[in-house]
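Residues in the sequence shown are numbered from 463 upward in steps of one, following this note's numbering. Beneath this line is the structure, given in structure tokens, with notes to follow.
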Amino acid sequence: MTAPTLPVTDKLLVEMQGHTALVIMTNPPANTWTEEGLLALRDTVLALAADPEVYALVLASDSDKFFSAGADLNLFADGNKERAYRMARLFGEAFETLSAFRGVSIAAINGWAMGGGLEVALACDIRIAEQKAVMALPEASVGLLPCAGGTQNLTRLVGEGWAKRMILCGERVNAEQAQRIGLVEEVVDNGNAREAALALAARVAAQSPIAVTACKKLIQHTRVGTHNAALPLERDYFLDLFSTEDQQEGVKAFLEKRKPQWKNR
Numbered sequence: 463m464t465a466p467t468l469p470v471t472d473k474l475l476v477e478m479q480g481h482t483a484l485v486i487m488t489n490p491p492a493n494t495w496t497e498e499g500l501l502a503l504r505d506t507v508l509a510l511a512a513d514p515e516v517y518a519l520v521l522a523s524d525s526d527k528f529f530s531a532g533a534d535l536n537l538f539a540d541g542n543k544e545r546a547y548r549m550a551r552l553f554g555e556a557f558e559t560l561s562a563f564r565g566v567s568i569a570a571i572n573g574w575a576m577g578g579g580l581e582v583a584l585a586c587d588i589r590i591a592e593q594k595a596v597m598a599l600p601e602a603s604v605g606l607l608p609c610a611g612g613t614q615n616l617t618r619l620v621g622e623g624w625a626k627r628m629i630l631c632g633e634r635v636n637a638e639q640a641q642r643i644g645l646v647e648e649v650v651d652n653g654n655a656r657e658a659a660l661a662l663a664a665r666v667a668a669q670s671p672i673a674v675t676a677c678k679k680l681i682q683h684t685r686v687g688t689h690n691a692a693l694p695l696e697r698d699y700f701l702d703l704f705s706t707e708d709q710q711e712g713v714k715a716f717l718e719k720r721k722p723q724w725k726n727r
């Protein structure tokens with residue numbers, strides 16, 4: 463398997479493990495997001511999405527304490543609106559690109575996930591948190607707001623009431639609370655988030671990558687489309703899969719009681 467061509471940066475480290483790309487945030491001490499880091503994330507996800515051999519992406523941290531502390535507030539200290547606009551646009555581009563990733567994205571939240579650090583996890587398909595993890599969107603406490611999907615993605619996951627508690631009241635949630643309200647899908651022992659995320663990502667390789675992409679599009683269609691519009695779309699996508707080699711291979715492998723050999727076409 464040939465490694466995809468990725469942007470050169472010291473803010474992100476990418477390791478390929480089978481069909482999974484492990485993307486590690488490496489901006490000590492707290493993995494705050496800078497212009498360079500956001501551009502690197504955007505371009506890295508685009509490069510991975512363009513590689514047909516990449517089925518899943520795991521976003522992790524190289525810090526024991528922080529998943530990510532979000533934006534570097536020093537960038538906004540002087541009230542420069544031009545810089546604020548550029549950073550807000552880059553946050554949106556990077557995290558929306560992550561949300562639109564062709565495969566499955568999993569956030570391995572191993573510590574504090576604050577502001578933009580939580581928003582990048584919200585942009586992933588699945589979130590796994592360690593017991594010590596703490597999550598919050600505290601932007602309003604400094605006169606700002608979550609501008610990288612936080613108000614929308616959090617509400618979609620946990621409902622309006624908890625979104626208002628976290629954003630309007632500044633409430634922090636621990637891993638147990640996060641799982642209870644639907645913010646994360648799994649809680650694991652401290653030190654095990656990355657391993658658990660990689661294990662889950664490896665299971666994606668058992669699925670047809672083309673089918674996974676189609677299913678993800680349909681699931682995310684619920685954010686903007688109507689139920690009635692999605693039902694015929696399901697049938698259309700279902701029939702489209704019959705034009706792929708993977709559909710024929712998947713059915714044949716099942717009948718022959720063997721593992722399918724996906725070609726992603």
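Note that CB positions come from ideal geometry on N, CA and C, so glycine has one too.
Looking at the secondary structure, which residues open and close the beta strand (DSSP E) in which residue i lies?
{"i": "L484", "result": "T482 to M487"}
{"i": "R685", "result": "That residue, R685, is in no beta strand (DSSP E); it is neither H nor E in DSSP."}
{"i": "E592", "result": "I588 to E592"}
Since residue i is in the alpha helix (DSSP H), which residue starts that stretch and which ends it?
{"i": "L475", "result": "Unbroken run through L475 is the beta strand (DSSP E), L474 to Q479; no alpha helix (DSSP H)."}
{"i": "A502", "result": "E497 to A511"}
{"i": "E515", "result": "Note, E515: premise wrong, no alpha helix (DSSP H); not H, not E."}
{"i": "E707", "result": "E707 to L717"}
Is the distance from the Cβ of residue i to the Cβ of residue j below 7 Å?
{"i": "F529", "j": "A483", "result": "no"}
{"i": "L599", "j": "I629", "result": "yes"}
{"i": "A512", "j": "R656", "result": "no"}
{"i": "A546", "j": "E581", "result": "no"}
{"i": "A583", "j": "A569", "result": "yes"}
{"i": "S603", "j": "A585", "result": "no"}
{"i": "R727", "j": "E711", "result": "no"}
{"i": "T506", "j": "L474", "result": "yes"}
{"i": "V620", "j": "L660", "result": "no"}
{"i": "G605", "j": "A533", "result": "no"}
{"i": "A658", "j": "V649", "result": "no"}
Considering only C-alpha positions, which residue in the set the options is nearest to residue i?
{"i": "L510", "options": "L619, V635 and S567", "result": "S567"}
{"i": "I672", "options": "A583, N615, R665 and R564", "result": "R564"}
{"i": "R589", "options": "P694, A556, N726 and Q641", "result": "Q641"}
{"i": "Y517", "options": "K678, P491 and A658", "result": "K678"}
{"i": "V674", "options": "V686, N690, Q709 and E648", "result": "Q709"}
{"i": "D702", "options": "A676, Q682 and K714", "result": "A676"}
Is there at least one non-hydrogen atom of the ligand GDP closer than 6 Å to the beta-carbon of residue i?
{"i": "S567", "result": "Looking at this structure, you won't find the ligand GDP or any other ligand, since it has none at all."}
For the putative contact between residue i and residue j, defined by C-beta atoms under 8 Å, what is the C-beta separation to the nearest angstrom?
{"i": "G653", "j": "E592", "result": "7 Å"}
{"i": "A595", "j": "A531", "result": "Not really, about 13 Å apart at Cβ, beyond 8 Å."}
{"i": "V485", "j": "L508", "result": "About 12 Å separates the two Cβ atoms, so there is no contact after all."}
Task: Complete beta strand (DSSP E) runs within the segment 595-677 (minimum length 3 residues, chain order) - done: 596-598 and 648-650
Open item on the list: What ranges does the beta strand (DSSP E) occupy inside the segment 515-577, keeping only unbroken runs of at least 3 residues that lie completely in it?
Closed with: 518-523, 528-530, 566-571 and 574-576
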